[in-house]
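**Student:**
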Amino acid sequence: MGELTADRVHGLVPSPDVVRTVGRWFAARGFEVGDAVGISFALTGPRSLFHETFGLPEDVPRPEALNTDALPGDVARHISEITFAAPPDFGPAHP
């Protein structure tokens, strides 16, 4: 696929139907689904929901990325990567 650049991103933006299909699936599972922005959207939910949805054992700490193997094919085929935002570099853990 090559490097993702501003001049190429417009060709990667999913159709509104794809965004709706994938977003509705995650919402039906109990996630809060953020608005699509460019090629992504945010998922928010309890840790247990991520573990259940993505087939992770409860004792696994937060991974950097999630595998789509546990998702139904009609959802997974539209997803290239699921990652977590890095924690902020400020706050109680970073005095």
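Residues 9 to 103 in the numbering used here are what the sequence shown spells out, letter by letter. Positions of the beta carbon are idealized from the N, C-alpha and C atoms, including for glycine. For clarity, every value in this text was computed on a predicted model and none was experimentally measured.
1. Of the residues Val41, Ala101, Val45, Gly46, which one's Cα is nearest the Cα of Pro54?
2. Within the same chain, show all residues whose beta-carbon is closer than 7 Å to that of Leu20, passing over the 5 residues directly before and after it, in chain order.
3. DSSP puts Ala73 in a beta bridge; with which residues?
4. Using 8 Å as the cut-off, can you tell me whether the segment 26 to 33 makes contact with the segment 62 to 75, which would need three or more C-beta pairs spanning the two stretches below that distance?
5. Please go through the same chain and pick out, in chain order, the residues whose beta-carbon is closer than 8 Å to the beta-carbon of Glu66, but skip the five residues on each side of it.
6. For a quick check, are the C-beta atoms of Ala50 and Thr61 less than 8 Å apart?
7. Which residue wins for smallest C-alpha separation from Pro69, given the options Phe92, Ile87, Gly81, Phe39?
8. To the nearest angstrom, how far is it from the Cα of Ala44 to the Cα of Asp82?
**Tutor:** With the given structure in hand:
1. Closest by C-alpha distance to Pro54, out of Val41, Ala101, Val45, Gly46, is Val41.
2. Here the set comprises Ile47.
3. Answer by DSSP bridge pairing, in chain order: Thr91.
4. Output reads no: the segment 62 to 75 does not touch the segment 26 to 33.
5. So the qualifying residues of the chain are Ser56, His59.
6. Contact: no.
7. Taking Pro69 as reference, the option from Phe92, Ile87, Gly81, Phe39 with the minimal CA-CA separation is Phe92.
8. Roughly 18 Å separates the two Cα atoms.
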